[in-house]
Amino acid sequence: MDNYDEELIEEVENYLEYDKKLYLPEWNELKKNNPLLAEKIFKVYGLRDYEFEQIVEHRGINSIDIKHKIINYKP
Numbered sequence: 051m052d053n054y055d056e057e058l059i060e061e062v063e064n065y066l067e068y069d070k071k072l073y074l075p076e077w078n079e080l081k082k083n084n085p086l087l088a089e090k091i092f093k094v095y096g097l098r099d100y101e102f103e104q105i106v107e108h109r110g111i112n113s114i115d116i117k118h119k120i121i122n123y124k125p
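The sequence shown runs 51 to 125 under my numbering.
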């Protein structure tokens with residue numbers, strides 16, 4: 051894990067409480083308030099914004115899942 055990953059995880063932790071689920075309203079708020087973090091998150095998922103929104107809308111994603119994706123991300 052490099053410094054970029056550590057910084058991204060720290061940003062996620064600052065935005066989401068431990069094990070808090072991210073649903074569509076929270077995702078929209080995140081995109082509005084911190085668009086760079088939102089872009090980084092859906093990039094590590096390998097999805098486009100609208101694809102990520104569908105997942106978030108239907109089942110939500112928790113902060114732990116996001117952190118695991120960041121750690122395992124291979125560009």
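C-beta: ideal position from N, C-alpha, C; glycine also.
- [ ] List the DSSP bridge partners of L72.
- [x] I111
Open item on the list: Buried or exposed, going by whether 16 or more other CB atoms sit within 10 Å of the CB of L86?
Closed with: exposed
Task: Below-8 Å beta-carbon distance, N84 vs any chain C residue - done: Here chain C cannot be found, since the structure has a single protein chain.
TODO: Please list, in chain order, all residues of the same chain as E61 whose beta carbon is under 7 Å from its beta carbon, the five residues on each side excluded.
DONE: L87
Open item on the list: What would DSSP say about N78, mapped onto helix, strand or coil?
Closed with: helix
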